[in-house]
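Novice:
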Amino acid sequence: MVETPPTAANMRLDGGHPALDLVNTIYGQVGQPPEHDVLQTPEDLRTFAARVGVGHEADAAAVKAARDLRAACEAAFRDADADALAVHARAAYAAGRLEPGGWTWPDEDPLSIVHRLAHAATQLISSEDLDRLRGCNDCCWLYLDRSKNRSRKWCSMADCGTNAKKRRYVEKRRLSRP
Numbered sequence: 001m002v003e004t005p006p007t008a009a010n011m012r013l014d015g016g017h018p019a020l021d022l023v024n025t026i027y028g029q030v031g032q033p034p035e036h037d038v039l040q041t042p043e044d045l046r047t048f049a050a051r052v053g054v055g056h057e058a059d060a061a062a063v064k065a066a067r068d069l070r071a072a073c074e075a076a077f078r079d080a081d082a083d084a085l086a087v088h089a090r091a092a093y094a095a096g097r098l099e100p101g102g103w104t105w106p107d108e109d110p111l112s113i114v115h116r117l118a119h120a121a122t123q124l125i126s127s128e129d130l131d132r133l134r135g136c137n138d139c140c141w142l143y144l145d146r147s148k149n150r151s152r153k154w155c156s157m158a159d160c161g162t163n164a165k166k167r168r169y170v171e172k173r174r175l176s177r178p
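In structure tokens, the structure reads:
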């Protein structure tokens with residue numbers, strides 16, 4: 001069976017936060033070359049942004065900026081190195097406007113998606129939710145563990161959790177054979 005690569009329209013959004021879903025747009029193991037990148041075109045970024053609720057305008061420069069922000073978010077959330085994220089945050093706040101109710105960015109600005117994602121990432125890294133940040137035991141995606149006892153091991157029970165349980169079952173059966 002040939003697996004079709006995920007797209008911005010059908011990728012799982014299991015991160016529990018837009019900034020984590022951004023990090024999860026790249027498929028592969030941490031520290032290895034990426035197997036697949038969901039953000040290839042402005043249309044991909046528009047689709048992703050609409051799905052996570054951060055806008056709908058994008059161009060080629062916004063795709064590059066989103067990919068740069070993704071790398072900055074990954075460094076911040078995996079390695080606690082927030083320097084690059086701070087650069088993106090400063091750019092976002094310089095382009096935005098603080099109004100009653102929070103920060104806003106003009107919808108017609110193609111970089112507004114990136115600015116909103118940078119803002120979301122800074123909110124997450126400075127929030128109490130950061131202690132719920134986990135990496136999936138199977139695929140290495142990042143997610144917020146919102147389970148009651150904070151014991152979630154997989155980004156998604158439907159995918160990675162099921163795969164892990166299948167592997168355990170097969171191994172158990174293999175070992176129980178005479």
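Position 86, counted from 1, in the sequence shown is what full-length UniProt numbering calls 86; the numbers after and before it change by one each time, with no gaps.
Note that CB positions come from ideal geometry on N, CA and C, so glycine has one too.
How is R134 classed by DSSP in three states: helix, strand or coil?
Specialist: If DSSP states are grouped into helix, strand and coil, R134 belongs with the strands.
Novice: Determine the direct distance from the alpha carbon of P34 to that of Y27, and round the result to whole angstroms.
Specialist: Each residue's alpha carbon lies about 6 Å from the other.
Novice: Over what stretch of residues does the beta strand (DSSP E) that includes E99 continue unbroken?
Specialist: Residues 97–99.
Novice: Among C73, R67, P5, D37, whose alpha-carbon lies nearest the alpha-carbon of L130?
Specialist: Measuring from the Cα of L130, the nearest candidate turns out to be C73.
Novice: Is it the case that the Cβ atoms of Y143 and G15 are separated by a distance below 8 Å?
Specialist: Cβ atoms of Y143 and G15: closer than 8 Å.
Novice: In three-state DSSP terms, what is H36?
Specialist: Reduced to three states, the DSSP call for H36 is strand.
Novice: What span of residues does the alpha helix (DSSP H) with E117 cover, start to end?
Specialist: Strictly speaking, residue 117 in this sequence is Leu, with Glu absent from that position. Taken as a continuous stretch (DSSP letters only), the alpha helix (DSSP H) holding L117 covers 112–125.
Novice: Kindly indicate which three-state DSSP category T104 falls into: helix, strand or coil?
Specialist: DSSP places T104 in strand when its eight states are reduced to three.
Novice: On a Cα-Cα basis, can you pick out the residue from G101, F48, N137, L133 that is closest to P6?
Specialist: Taking only the C-alpha atoms, the option nearest P6 is F48.
Novice: Whole-angstrom Cβ separation of L69 and L22, contact assumed at under 8 Å?
Specialist: That pair is a contact at about 7 Å.
Novice: Ordered along the chain, which non-local residues of its own chain (more than five positions away) have a Cβ less than 6 Å from that of N24?
Specialist: Once the five neighbours on either side are set aside, the close Cβ partners of N24 are G15, W141.
Novice: In or out: N96 buried (at least 16 other Cβ within 10 Å) or exposed?
Specialist: For the record, residue 96 in the displayed sequence is Gly; it is not Asn. Result: buried.
Novice: Rounding to the nearest angstrom, what Cα-Cα distance links Q123 and A66 in this structure?
Specialist: Roughly 17 Å separates the two Cα atoms.
Novice: How many angstroms separate the CA atom of A91 from the CA atom of V63?
Specialist: Taking the straight line from one Cα to the other gives about 16 Å.
Novice: How big is the Cα-Cα spacing for S112 and G55?
Specialist: Distance between the alpha carbons of S112 and G55 is about 7 Å.
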